[in-house]
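**Student:**
Numbering (the numbering used here), first residue to last: 18 to 409.
1. Give every residue of the same chain whose Cβ lies closer than 6 Å to the Cβ of residue 295, excluding the five residues on either side of it in the sequence, and list them in chain order.
2. Along the chain, where does the beta strand (DSSP E) containing residue 391 start, and where does it finish?
3. Can you grab the Cα-Cα spacing for the pair residue 309 / residue 185, in whole Å?
4. Is residue 135 helix, strand or coil by DSSP?
5. Residue 314 lies in the alpha helix (DSSP H); which residues open and close that run?
6. Please classify residue 119: does DSSP put it in a helix, a strand, or coil?
7. What does the alpha-carbon distance come out to for the pair residue 196 and residue 382?
8. Under DSSP, the beta strand (DSSP E) around residue 418 begins and ends at which residues?
9. Which partner residues does residue 199 have in the DSSP bridge list?
10. Taking the beta strand (DSSP E) that residue 207 belongs to, which residues open and close that run?
11. Kindly give me the distance between the Cβ atoms of residue 313 and residue 199, rounded to whole angstroms, as I take these residues to be in contact under 8 Å.
12. When you compare each of 386, 396, 392 and 252 to residue 403 by their alpha carbons, which one comes out closest?
13. Kindly indicate which residue of 275, 247 and 370 has the alpha-carbon position closest to the one of residue 229.
14. Would you report the Cα separation of residue 111 and residue 214, rounded to the nearest angstrom?
15. Have a look at residue 370 and residue 401 and give me their C-alpha separation to the nearest angstrom.
16. Starting from residue 251, follow the beta strand (DSSP E) in both directions and report where the run begins and ends.
17. Between the segment 202-221 and the segment 172-182, do three or more beta carbon pairs fall short of 8 Å?
18. Please state the DSSP three-state secondary structure of residue 154.
19. Comparing alpha-carbon positions, which option in 223, 235 and 263 lies nearest residue 139?
20. Can you look up residue 377 in the DSSP assignment and give me helix, strand or coil?
21. Can you give me the C-alpha to C-alpha distance between residue 181 and residue 119, rounded to a whole angstrom?
Following this line, the structure appears as structure tokens:
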């Protein structure tokens, strides 16, 4: 069972919901996920920006528009298009029938325990996307068993994993697999219909429906001293639970627009296991596409950094720079110690977590414009080209 982190400084009666990475479902005694808990609101966090950062987790404003429609459905997703073409007229029924053959259950065993999560096939020759906190524990010496919708199983191999983004790719030695097409997430709209498919509590092939509840939610997952992932999350009220981790969030075109990864839970402080309260979080597919492509090609994925150490004691709005890393992108852009970063492009930065999430929505090599407040009142625009974090 995962124990959530309680938001600091809030009376017990007024505690905010706590967002947690979905733990794998354990048939025997549960083991604690390597990602511990993801926190929204009130708790201190630590992460890398090419230096150490700290701050309070916050919410960023939604800024996306326009939703996908059935007419824009991709035709390169195996039988998905054909399945939708034989529609019954019930949207959820049709989408579930079309996509379920490409959704799998992963049973993972590693040195830290064993458990079950979800994933989905992205290529006919057997590449599968899931969460790092699902497949990562297998490491080099563990095992991954993949169960398909038709009940057939195959042995999976961990191709690569990114703790920074909580994503992983698994490969099975099979061909001719049905895949699910990847959509886009930068055109999502709040209120858009979605469905989630996966294996909550080990119940394979479970389908739930809902809407996109919000966009650009900064969500973190990590334990003190361990790896921390930062997600610019899609929030949904489609019910997701432990075991849904790594499964797809699907739009009305039958396309994946997010990877289900975290939930908010009330009452876990009283010793209850995390469960759905209608606040689920998914990694946007635009980020997933870049990271998984790198994992397949290189076995690892790059993480963009600006090269600063933030002032962890800063309590104002924005992210205050404590030190500028020598030779980093921020130094080249002219950033100074004491600058308060208040905006990246058009996105408002309310705290250090929002800063990390906004940066990780981009890729190394991207040029972005940071707005900083210098000496308390001077507003400065700094174009900056992101660098890659050093490989650990």
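Cβ coordinates follow ideal geometry from the N, Cα and C atoms, glycine included.
**Tutor:** By the coordinates alone:
1. The residues 254, in chain order, have a CB closer than 6 Å to that of residue 295 in the same chain once the five nearest residues on each side in sequence are set aside.
2. Bounds of the beta strand (DSSP E) holding residue 391 are 384-391.
3. Straight-line Cα distance between these residues: approximately 7 Å.
4. DSSP places residue 135 in the strand class (E or B) of the three-state scheme.
5. First-last of the alpha helix (DSSP H) with residue 314: 302-315.
6. DSSP places residue 119 in the helix class (H, G or I) of the three-state scheme.
7. Taking the straight line joining both Cα atoms gives about 30 Å.
8. There is no way to answer for residue 418, as the model of the chain reaches only from 18 to 409.
9. Partner(s): 273.
10. Taken as a continuous stretch (DSSP letters only), residue 207 belongs to no beta strand (DSSP E), as it is neither H nor E.
11. At roughly 13 Å, the Cβ-Cβ gap does not stay under 8 Å, so residue 313 and residue 199 are not in contact.
12. When the alpha-carbon of residue 403 is set against those of 386, 396, 392 and 252, the nearest one is in 386.
13. Comparing alpha-carbon positions, the option among 275, 247 and 370 lying closest to residue 229 turns out to be 275.
14. Going by the C-alpha atoms only, they are around 13 Å apart.
15. Residue 370 and residue 401: Cα-Cα distance of roughly 19 Å.
16. Looking at the DSSP string, the run of the beta strand (DSSP E) that includes residue 251 is 245-253.
17. The answer is no - the segment 172-182 does not touch the segment 202-221, with fewer than three Cβ pairs under 8 Å.
18. In this structure, residue 154 counts as helix in the three-state DSSP scheme.
19. Taking each of 223, 235 and 263 in turn and checking the Cα distance to residue 139, the smallest one comes out for 263.
20. For residue 377, the three-state secondary structure derived from DSSP is helix.
21. Inter-residue distance for residue 181 and residue 119 is about 26 Å (C-alpha atoms, whole angstroms).
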